[in-house]
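Each residue of the sequence shown is one higher than the one before, counting from -6 in my numbering. Only one structure is covered here, and it is reproduced in the block below.
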Amino acid sequence: MAPTLQFKENEIGALTIRVWPYRFATLMILWAFSSVAASATILRLHPPNNQQLNFAALSAIIEEETGIRLEPAVSNADGDDPIDSLLDGSAQLTIIENTRVFQSGLRSVLPLYQSVVHLAVRQDLRIGEVRGSGRALKIHIAHNSHTARIVLDLLFERASDLPGSYELWQPGDPGDPDMLFYVGPINPRNTSWFPEGFTLVPLSRFDPAGAEFYIEGVSFLVPQLSSTRIPALTYALPGNEVGIDALAVDMLLVAHKATDPSAIYQLTRVLLEQKPRFAAVEPALFRWMSGDFSAADFTFPLHRGARNYIERDEPGFLERYAESLNFLVYLIVLLFTGTVAFGRWRARRRKDRIDVFYLRVLDLRRGGGFGDPNRLLSELEKIEDEAFQGLIAERLAADDSFRIFTELAEGLRRELKDQIASGNTMEADR
-6 MAPTLQFKEN EIGALTIRVW PYRFATLMIL WAFSSVAASA TILRLHPPNN
44 QQLNFAALSA IIEEETGIRL EPAVSNADGD DPIDSLLDGS AQLTIIENTR
94 VFQSGLRSVL PLYQSVVHLA VRQDLRIGEV RGSGRALKIH IAHNSHTARI
144 VLDLLFERAS DLPGSYELWQ PGDPGDPDML FYVGPINPRN TSWFPEGFTL
194 VPLSRFDPAG AEFYIEGVSF LVPQLSSTRI PALTYALPGN EVGIDALAVD
244 MLLVAHKATD PSAIYQLTRV LLEQKPRFAA VEPALFRWMS GDFSAADFTF
294 PLHRGARNYI ERDEPGFLER YAESLNFLVY LIVLLFTGTV AFGRWRARRR
344 KDRIDVFYLR VLDLRRGGGF GDPNRLLSEL EKIEDEAFQG LIAERLAADD
394 SFRIFTELAE GLRRELKDQI ASGNTMEADR
């Protein structure tokens, strides 16, 4: 009959009590890690008002490559300032024009694409009639673009053909606008912003004498703006039968400086390394994206996470200054070698000097049996005085050689004193 295992009820209970805490601790650790992971993989983006991003496709690529899920921030009304979303914490990322004024706490990640200032006017607009009537031009700035406001002010400062004043028109206001400024990427598939009865025109339409300014000179006044051209027939819109000179501004991906640097690092990496996939989803935006940029041109400093990625292949301190460090080490070794050699040379010089005193003491010792002991003792004291003066002047070193000299001189002194003492005794006996 096979043996059977039997447990008493209290033994089973004790075993359960011992095992249960370990299971509970394991579950708590797994729950903590899953909670942290879930909270750390979501970044909320306040999208630009003038571009409907395909969040589902973009987020799928980013999450596949990094584990970070990109989600749109809480819906915002058209014209709401995306910077406010970063500052109040409702978003960690946004896309804004590089002409925005510096705001503390914000950091640049990447220039994603360029937006172009599109200027459209009513086809039946007669500037002379408006100027003669004394009324102000009605200007509509789509999505309250900060860049459009800058360009509008420049245009009214320079263009002598325009009336002396204008007023901003908003949807819902009576009548129709005379001019429309739209700042967005060149995208012939997106023309919902273009109203009927308008035509696209270059900025030089109202400032013919300053046509070159909008091509070459504008960047001196507003460094963030650059000249560009909308090629002919890009849009199936009135006015684009010919090429149109325009101005462009970089659209920056901006994050709050408190956003996790490791998350921004991974986001920067996937945006640059997976550019073809993003360009396939949003060709009007991501086909121009590049890691070849200068952070000095940005309104906001570069985020630490983005900087870590951009500078990942940059040489470190030792690599950058390898030649200088090699030369410095060479100088240190050379200086050390020279110091050691100089020390040895000085030691030899001192040894040569003490040898002279050795010889003088030995000469006195050899003449001790024939000369006057008192005279010899006086000469010995002179030799010792010279030796100690050399020691004070650091011409001699207080080393073993000097100690041997003092012992030799002391031995000779005792011999001479014994001779003097024995001579005095002989005189007394006589």
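Ideal Cβ positions, reconstructed from N, Cα and C, are used throughout, including at glycine.
Non-local beta-carbon contacts of Ser212 in its own chain, meaning distances under 8 Å to residues more than five positions away in sequence, involve Leu218, Ser219, Ser220 in chain order.
Taken through DSSP and simplified to helix, strand or coil, Arg407 comes out as helix. DSSP places Ala239 in no alpha helix (DSSP H) but in the uninterrupted beta strand (DSSP E) bounded by 237 to 249. In this structure, DSSP gives Val333 a helical state, which the three-state scheme calls helix. Judged by their CB atoms, Val354 and Leu401 are nearer to each other than the 8 Å cut-off. In this structure, Gly210 keeps its C-beta atom at 8 Å or more from the C-beta atom of Arg222. The three-state reading of DSSP puts Tyr302 in helix, counting H, G and I together.
Annotation: the continuous beta strand (DSSP E) that includes Arg115 extends over 99 to 115. Within the same chain, Val354, Leu357, Ala402, Leu405, Arg406, Leu409 come within 8 Å of Leu373 by CB-CB distance, once the 5 residues on both sides are set aside. Secondary structure of Val67 (DSSP, three-state): coil. For His133, the CB contacts under 6 Å within the same chain, skipping 5 residues up- and downstream, are Trp162, Pro170, Leu173 in chain order. A distance below 7 Å between beta-carbons, with the five flanking residues on each side excluded, links Trp281 to the following residues of its chain, in chain order: Tyr106, Gln107. For Asp200, the number of other beta carbons within 10 angstroms of its own is at least 16, and it is reported as buried.
Gly98 and Glu56 have their C-alpha atoms some 26 Å from each other.
In the DSSP annotation of this structure, Tyr258 is not part of any beta strand (DSSP E); the continuous alpha helix (DSSP H) holding it starts and ends at 254 to 266. Contact annotation: Phe191 and Val114 have beta-carbon atoms nearer than 8 Å.
Close CB contacts of Val263 within its chain, under the 6 Å cut and outside five residues either way in sequence, are with Ile55, Glu58, Thr59 (chain order).
Between the alpha carbons of Glu316 and Val326 lies a gap of roughly 15 Å. For Ile134, the enclosing beta strand (DSSP E) begins and ends at 130 to 134.
Taking Ile397 as reference, the option from Ala380, Ile385, Ala386, Pro195 with the minimal CA-CA separation is Ala380.
Secondary-structure assignment with DSSP links Phe174 through a beta bridge to Leu112, Ile134. The shortest CA-to-CA distance from Val110 to any of Leu155, Phe187, Pro40, Thr399 is the one to Phe187. For Thr399, no pairing in a beta bridge is given by DSSP.
Residue state for Tyr228 is assigned as coil, using DSSP reduced to three classes. Only residues of its own chain outside the window of five on either side were considered, and among them Ile88, Ile89, Glu90, Asn91, Ser101, Val102, Leu103, Pro104, Leu105, Phe291, Thr292, Phe293 have a CB closer than 8 Å to the CB of Leu245, listed in chain order. Rounded to the nearest whole angstrom, the C-alpha separation of Ile120 and Ile76 is 37 Å. With a 10 Å radius around the Cβ and a threshold of 16 neighbouring Cβ atoms, Asp146 comes out exposed. Two segments are said to touch when three or more pairs of C-beta atoms, one from each, lie closer than 8 Å; by this definition the stretch 142 to 159 does not touch the stretch 243 to 259. Restricting attention to Glu64, Leu328, Ser52, the CA atom closest to the CA of Leu38 is found in Glu64. For the options Leu352, Ala273, Thr252, the alpha carbon positioned closest to that of Asn47 is the one of Ala273. In terms of Cβ geometry, Ala239 and Pro195 form a close pair [threshold 8 Å]. Taking a contact as a CB-CB distance under 8 Å, the pair Pro181 and Thr252 does not count as one, their CB atoms being some 35 Å apart. For His39, the secondary structure class from DSSP, reduced to helix, strand or coil, is strand.
Between the alpha carbons of Tyr258 and Ile61 lies a gap of roughly 11 Å. A residue is called buried once 16 or more other Cβ atoms fall within 10 Å of its Cβ, and Lys375, having fewer, is exposed. Boundaries for Ile143: no beta strand (DSSP E) harbours it, while the alpha helix (DSSP H) harbouring it runs 139 to 151, taken from the DSSP string.
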